[in-house]
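Following the numbering used here, the numbering of the sequence shown begins with 34 at its first residue and continues without gaps. Glycine residues also receive a C-beta, built at the ideal position from the N, C-alpha and C atoms. This report refers to the structure that appears directly beneath it.
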Amino acid sequence: MELKVDEQLLRSVLGVLPEFVVVVDRGRSIRFVSRVAPEYDPADFLGKSAEETLFLESRDVLRQALDLVFESGEAQSYEVEALLPDGTVAWYHGEAKPLVESGEVVGAVIRVDDITELKDVQEELAQIRRLLPMCAWCGRIQTEDGSWEGISAYLKRVEGTDVSHGLCPECERGQLEQAGGT
């Protein structure tokens, strides 16, 4: 028995993969898409420009990647964001590879991974890194190696900032009250 590979079989096989597979011609029209985000119908993408599916800011990224694939015949990777029908933003990592027939690049096959969760985790980590661990009692800062140093020394070392000292009006009143003054 001979195995026939038609579009339906190809779509079924590629549909079980976690990534999307998109084929575009040199005019950047989508000729095949294995599957899309659950909110969409793959048929809605056929014939559309690949760039149309992205935010305006991301269209140039994909356009440049495809230009390089078509000009150089070399694979290109990129990251873009797209707006989903529910108004949320999704992030995608794509790798476009040349589709060659008779020695000529006639299109590109793009493997697309949804990296939205990865981007969310990266943002959370960036926020955590922006937190400055400070002792609630003495005000010293915990350094990268786990030791503690005064805030003045920390700011000088990390930011190159010198600190001058003074008293805010509230602390000045507190000092005067402690000293028995008015």
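If you follow the beta strand (DSSP E) that residue i is in, where does it begin and where does it stop?
i	result
Arg-173	From DSSP, Arg-173 is part of no beta strand (DSSP E); its letter is neither H nor E.
Asp-119	It is not in any beta strand (DSSP E) - Asp-119 carries neither H nor E in the DSSP assignment.
Arg-64	63–66
Phe-78	Neither: Phe-78 is in no beta strand (DSSP E) and is coded neither H nor E.
Val-49	Where Val-49 is concerned, there is no enclosing beta strand (DSSP E), given that its DSSP letter is neither H nor E.
Report yes or no: is there a C-beta of chain D within less than 8 angstroms of the C-beta of residue i?
i	result
Tyr-187	Annotation note: the requested chain D is absent from the structure, which comprises a single protein chain.
Based on Cα-Cα distance, which residue from the options lies nearest to residue i?
i	options	result
Glu-177	Ser-45, Cys-171, Arg-163, Arg-206	Arg-163
Asp-146	Ser-45, Glu-52, Cys-204	Glu-52
Glu-72	Lys-81, Leu-95, Leu-117	Leu-117
His-198	Ser-185, Leu-209, Glu-134, Arg-206	Ser-185
Gly-172	Ala-159, Ile-161, Leu-188, Glu-157	Leu-188
Val-139	Val-49, Arg-59, Gln-41	Arg-59
Leu-132	Phe-78, Glu-192, Glu-104, Cys-201	Glu-104
Thr-86	Asp-100, Gln-109, Ser-110, Trp-124	Trp-124
Gly-106	Glu-137, Gln-175, Gln-208, Arg-61	Glu-137
Gln-41	Pro-75, Arg-96, Ala-115, Ala-108	Pro-75
Taking the straight line between their C-alpha atoms, what separation do you get for residue i and residue j?
i	j	result
Leu-151	Asp-39	34 angstroms
Asp-195	Gly-213	33 angstroms
Thr-121	Val-154	16 angstroms
Leu-36	Leu-43	Unreliable placement is indicated for Leu-36, whose pLDDT of 44 sits below 50; the coordinate value is still reported in the next sentence. If you take the alpha carbons of Leu-36 and Leu-43, they lie about 12 angstroms apart.
Ala-141	Val-46	19 angstroms
Met-34	Gly-80	Because the pLDDT at Met-34 is just 46, under 50, the model does not fix this residue reliably, and the value given afterwards should be weighed accordingly. One C-alpha to the other measures close to 34 angstroms.
Val-113	Val-94	7 angstroms
Glu-203	Gly-179	33 angstroms
Glu-157	Glu-210	45 angstroms
Ala-129	Val-49	20 angstroms
Ala-83	Ile-143	10 angstroms
Met-167	Val-191	15 angstroms
Arg-206	Trp-170	21 angstroms
Ala-98	Glu-90	14 angstroms
Gly-127	Phe-78	17 angstroms
Which of the three DSSP states is assigned to residue i in this structure?
i	result
Lys-189	helix
Asp-195	coil
Pro-202	helix
Ala-141	strand
Gly-207	helix
Leu-36	Low confidence applies to Leu-36: its pLDDT is 44, below 50, so where it sits in the model is not reliable, and the reading given next is rough at best. If DSSP states are grouped into helix, strand and coil, Leu-36 belongs with coil.
Pro-71	coil
Leu-43	helix
Ala-123	strand
Ala-212	helix
Residue i lies in the alpha helix (DSSP H); which residues open and close that run?
i	result
Lys-152	149–163
Asp-93	89–105
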